[in-house]
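Sequence lines, in order, name chains A and B. For the first sequence, my numbering begins at 1 and goes up steadily by one. For the second sequence, my numbering begins at 240 and goes up steadily by one. Quick reminder that beta carbons are idealized off the backbone N, C-alpha and C, glycines included. Values in this document were obtained by computation on a predicted structure and should not be read as measured data.
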Amino acid sequence: MSASLLQVRVWRGGATGAFRSYEVPRRESQTVLDVVTYIQRRLEPGLAYRFACRVGMCGSCAMTVNGVARWTCRTHVAKAVVHDTLEIAPLANLPVIRDLVTDMREFFDKWARAKGRFVPTATRRDDFAVVCPDRPERRAADAAIECIGCGVCYASCDVVRWNPAYLGPAALNRAWTLVNDVRDGDHRTRLAAVAGDAGCHACHTQMGCTERCPKEIAPTASIAGLKRATARAAVKGEL
Amino acid sequence: MKGVGPTTPAASQPPLLEKEGRSSRGAVRAEVLLWLAQRASAAVLGIAVLIHLATMSYAVRGGISAAEILARTRGSLGWLLFYGVFVLAVAVHVPIGLRTIAQEWAGWRGAGLDVIVVAIAFALLALGWRAVWAVCA
Ligand code: FES
Numbered sequence: 001m002s003a004s005l006l007q008v009r010v011w012r013g014g015a016t017g018a019f020r021s022y023e024v025p026r027r028e029s030q031t032v033l034d035v036v037t038y039i040q041r042r043l044e045p046g047l048a049y050r051f052a053c054r055v056g057m058c059g060s061c062a063m064t065v066n067g068v069a070r071w072t073c074r075t076h077v078a079k080a081v082v083h084d085t086l087e088i089a090p091l092a093n094l095p096v097i098r099d100l101v102t103d104m105r106e107f108f109d110k111w112a113r114a115k116g117r118f119v120p121t122a123t124r125r126d127d128f129a130v131v132c133p134d135r136p137e138r139r140a141a142d143a144a145i146e147c148i149g150c151g152v153c154y155a156s157c158d159v160v161r162w163n164p165a166y167l168g169p170a171a172l173n174r175a176w177t178l179v180n181d182v183r184d185g186d187h188r189t190r191l192a193a194v195a196g197d198a199g200c201h202a203c204h205t206q207m208g209c210t211e212r213c214p215k216e217i218a219p220t221a222s223i224a225g226l227k228r229a230t231a232r233a234a235v236k237g238e239l
Numbered sequence: 240m241k242g243v244g245p246t247t248p249a250a251s252q253p254p255l256l257e258k259e260g261r262s263s264r265g266a267v268r269a270e271v272l273l274w275l276a277q278r279a280s281a282a283v284l285g286i287a288v289l290i291h292l293a294t295m296s297y298a299v300r301g302g303i304s305a306a307e308i309l310a311r312t313r314g315s316l317g318w319l320l321f322y323g324v325f326v327l328a329v330a331v332h333v334p335i336g337l338r339t340i341a342q343e344w345a346g347w348r349g350a351g352l353d354v355i356v357v358a359i360a361f362a363l364l365a366l367g368w369r370a371v372w373a374v375c376a
């Protein structure tokens, strides 16, 4: 079926703009990122989009594909296409810079606000910390640690959409890994930062993040963990 | 030489705790305790509503009059305690929920809202306990 063509509608412009249509030859094992790259190289040299690794590690290629936030380098066209048509838009819940490129600053600033930075307790003169892989904290951190920061969860979260202050699934998931890091020295500040109605308590357990996370992380579970941890700290007067 | 990454000693980090004011920390704790009270009262209500509905549907089989109800509830310490706790759980649960809805749907926050929901809590408590007392005492 060499005649097989994909009808691709791509967002052009910034916050205001329009979809423009392109025809792209269908190929075997084609990814959505392949389609976007084809358009940029052959049809629309001015098209702005992001990617780097092409193997699902860097988290830069996320876009909205037929209404669903996806990592495009690891999404086969076959998985996302509807009636030979793809509609490709920038990620939701983030300001659009141009075409498929969003401004991720707020997304990552929220990681900082959630105290997503490791606070070491040892110095370079100390030996390596030994953390037993079987410890419950280590297991909890393991379950959440593989985040690539692609923003798919953030774009898929209705609470982010209606509460702009909400830290969002990725930042809270990051905080949860650090709450479970026995080497970290500032659990208290972190728990205070992630509590309240901009933090874990704003989550309505709708699980859009968990449904869409390409790394199959469950930020909802991490957020539930933060709710338990902050409740325990509040009762003990440690918040 | 500036230390970076995992080798930086904790002492060189900015004093994060000091930057957050004491009052804001108290407010965070209050929010979390409210959330906990909401969860705990929901657990009580879950059980209480079941008992309430089961008792009602059992009691009204074949019709029931106000006099018959009063004959069963008057002077019953058990029902007095049960519905007393039920009302307490409602008076905790409803205002916190309303407060959250006002914040999320109307973007309304602050002391004015808190005063109103505390007033609602006391109104529910007063009306509810008055009714329980009237039926059980
Ligand atoms: S390009 Fe790196 S994750 Fe897709």
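| Can you round the beta-carbon distance between Cys203 of chain A and Ala170 of chain A to whole angstroms, since I take them to be within the 8 Å contact cut? | About 13 Å; that fails the 8 Å criterion.
| If you drop the 5 nearest sequence neighbours on each side, which residues of the same chain put their C-beta closer than 7 Å to that of Gln342 of chain B? | Within the same chain, and ignoring the five residues on either side of Gln342 of chain B in sequence, the residues whose Cβ sits closer than 7 Å to its Cβ are Arg348.
| query | Can you tell which of A:Val32, A:Arg113, A:Ala62, A:Ile97 has its C-alpha closest to the C-alpha of Ala195 of chain A? | reply | A:Arg113
| Taking the Cβ atom as the reference point for each residue, do Ala330 of chain B and Leu364 of chain B lie within a distance shorter than 9 Å? | yes
| task | Kindly list the residues whose CB is nearer than 8 Å to the CB of Asp34 of chain A, restricted to its own chain and excluding five residues on each side of it in sequence; keep chain order. | result | Contacts found: Arg27, Val77.
| Comparing alpha-carbon positions, which option in A:Asp134, A:Asn66, A:Asn163, A:Tyr49 lies nearest Trp344 of chain B? | From the listed residues A:Asp134, A:Asn66, A:Asn163, A:Tyr49, the smallest Cα separation to Trp344 of chain B is found for A:Asn163.
| said: Check for me: the beta strand (DSSP E) holding Tyr166 of chain A runs from which residue to which? | reply: In the DSSP annotation of this structure, Tyr166 of chain A is not part of any beta strand (DSSP E), being labelled neither H nor E.
| task | Spatial neighbours of Trp318 of chain B within its chain, please: CB distance less than 7 Å, with the 5 preceding and 5 following residues excluded, ordered by chain position. | result | Thr312, Cys375
| field | Where Arg313 of chain B sits in the DSSP three-state scheme | value | coil
| request: Using beta-carbon positions only, say whether Leu239 of chain A and Val271 of chain B come within less than 9 Å of one another. | output: Yes; because the gap between Cβ atoms is below 9 Å, this pair is in contact.
| query | What residues from chain A crowd round Trp318 of chain B, counting only those whose CB sits closer than 9 Å? | reply | In chain order: nothing, as chain A lies at least about 32 Å away.
| message | Please identify the residue among A:Gly59, A:Val8, A:Ala175 whose C-alpha is closest to the C-alpha of Phe118 of chain A. | response | A:Ala175
| request: State buried or exposed for Tyr277 of chain A, treating a residue as buried only when at least 16 other CB atoms are found within 10 Å of its CB. | output: Outside the shown range of chain A, which is 1 to 239, sits residue 277 of chain A, and nothing can be said about it.
| task | Can you say whether Ser280 of chain B is buried or exposed, counting buried as having 16 or more other CB atoms within 10 angstroms of its CB? | result | That one is buried.
| Cross-chain neighbours of Trp274 of chain B in chain A, by beta carbon under 8 Å | Listed along chain A, the residues sitting closer than 8 Å to Trp274 of chain B by beta-carbon distance are His201, Lys227, Ala231.
| Is Trp347 of chain B helix, strand or coil when you go by DSSP? | It is coil, neither helix nor strand.
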